[in-house]
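**Student:**
Numbering (the numbering used here), first residue to last: 9 to 346.
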């Protein structure tokens, strides 16, 4: 918007400055506004006419004053500014408490607000633009409901001066195809005009089957590329829900519950203290690989994941960049109430 109409930013700032002056003084003359803002009276007169037409100000012989619409508008501006400052504080608190590389907090609760998903996608785009080098990049991406929605909102501008290989962190599980890593990596590759390699293997397999499958050149090459990825994009989930999605047997699910697991990430289940209590055998990227990758972006949304995120942050690698919604961020910082 601003690039298309660069004068719009200047005009917005000018009109907002006039409204703030009127709010501060209650009644103020045109010449005083011009002197205070170092603007010509002609410019101020034109802007005042526009503000009058918008219904934000009214003019009398004593000067300019705000209308009810003007007061409501400024109230919204002040509230948005306050909310932004509060999110910046949350970011610093999370970053410092858990020794994160960086943290971005977006407005809302992803569980109930579609706009929050869009904000998460925009934040992910900004992070990728900031941390990824120009030229060739290998992205690894996990599955999950959150990422299946978020990657659709990654900006295509991230692809400028970059070439992408996008690789799923694991094979296919049971259930909804749209939330599986293969599907999400394909969607992200399309957004970034890149290439994708799939892992068409069962997510959970025995050790003997694992060795046999890794003899396949296509599978072994994909896994090798995974280990070389310069950025991982992943999420976490509730332990019981994720065990079912991973195709765990009834006996395994019982063991996971008995172990006190509250969350799952990259095939491992962890308790409220951030301790790994159960692992599922799989081909792909393991939790241990995270410490060898240059960058990890953890995207988590929705208040329902508060307990899982609070636990996982106790074991998260320090090169992690966290992108989280505001509701969830507040809950995690108040973990004693979870």
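Cβ coordinates follow ideal geometry from the N, Cα and C atoms, glycine included. The model shown is predicted, which means the values in this text are computed figures rather than measured ones.
Helix, strand or coil: which one does DSSP assign to residue 280?
**Tutor:** Looking up residue 280 in the chain shown gives position 272. Here residue 280 sits in coil by DSSP.
**Student:** Looking only at its own chain, which residues have a Cβ that is under 6 Å from the Cβ of residue 108, when we skip the five neighbours before and after it?
**Tutor:** Stepping through the chain shown from its first residue, residue 108 is reached at position 100. Once the five neighbours on either side are set aside, the close Cβ partners of residue 108 are 328, 330.
**Student:** Using a Cβ-Cβ cutoff of less than 8 Å, which residues in the same chain neighbour residue 59 once the five nearest sequence positions on both sides are dropped?
**Tutor:** Position 51 of the chain shown, counted from the start, is the residue given in the question as residue 59. Hits under 8 Å: 23, 26, 27, 65, 78.
**Student:** By DSSP, does residue 237 sit in helix, in strand, or in coil?
**Tutor:** The count along the chain shown starts at 1 and reaches residue 237 at position 229. Three-state DSSP puts residue 237 in coil, outside helix and strand.
**Student:** Can you give me the Cβ contacts of residue 320 inside the same chain, cut-off strictly under 7 Å, excluding the 5 residues immediately before and after it?
**Tutor:** The residue you call residue 320 lines up with position 312 of the chain shown. Closer than 7 Å at Cβ, skipping near neighbours: 244, 271, 273, 278, 282.
**Student:** Measuring CA to CA, which of 341, 189, 259 is closest to residue 291?
**Tutor:** The count along the chain shown starts at 1 and reaches residue 291 at position 283. It is 189.
**Student:** Please identify the residue among 94, 208, 311, 303 whose C-alpha is closest to the C-alpha of residue 132.
**Tutor:** In the chain shown, the residue the question calls residue 132 occupies position 124. Residue 132 has its Cα closest to that of 303, out of 94, 208, 311, 303.
**Student:** Which residue wins for smallest C-alpha separation from residue 196, given the options 150, 227, 220?
**Tutor:** Residue 196 sits at position 188 when you count from the first residue of the chain shown. Minimum Cα distance to residue 196 is reached at 150.
**Student:** What does DSSP give as the partner residues of residue 286 in its beta bridges?
**Tutor:** The residue labelled residue 286 in the question sits at position 278 within the chain shown. 277, per the DSSP bridge assignment.
**Student:** Using the three-state DSSP reduction, which class does residue 205 fall into: helix, strand or coil?
**Tutor:** For the purposes of this step, residue 205 is identified with residue 197 of the chain shown, where counting begins at 1. Looking at residue 205 - three-state DSSP - the assignment turns out to be coil, as it is neither helix nor strand.
**Student:** Let's test the definition: count the other Cβ atoms within 10 Å of the Cβ of residue 299 and tell me whether it reaches 16, buried, or not, exposed.
**Tutor:** Counting from one through the chain shown, the residue named residue 299 turns up at place 291. Here residue 299 is exposed. Its C-beta has fewer than 16 other C-beta atoms within 10 Å.
**Student:** For the beta strand (DSSP E) holding residue 73, just list the boundary residues, first then last.
**Tutor:** Numbered from its first residue, the chain shown carries residue 73 at position 65. Its beta strand (DSSP E) spans residues 71–74.
**Student:** Please go through the same chain and pick out, in chain order, the residues whose beta-carbon is closer than 8 Å to the beta-carbon of residue 222, but skip the five residues on each side of it.
**Tutor:** The residue you call residue 222 lines up with position 214 of the chain shown. Taken in chain order, the residues that qualify are 228, 231, 291.
**Student:** Which one or two residues does DSSP pair with residue 67 in a beta bridge?
**Tutor:** Working through the chain shown from its first residue, we reach residue 67 at position 59. Beta-bridge pairing links residue 67 to 72.
**Student:** If you draw a straight line from the C-alpha of residue 118 to the C-alpha of residue 39, how long is it?
**Tutor:** Counting from 1 along the chain shown, the entry for residue 118 is found at position 110. Counting from 1 along the chain shown, the entry for residue 39 is found at position 31. For residue 118 and residue 39, the distance between alpha carbons rounds to 48 Å.
**Student:** State buried or exposed for residue 157, treating a residue as buried only when at least 16 other CB atoms are found within 10 Å of its CB.
**Tutor:** Sequence index remark: in the chain shown, residue 157 carries index 149 (1-based). Classification for residue 157: buried.
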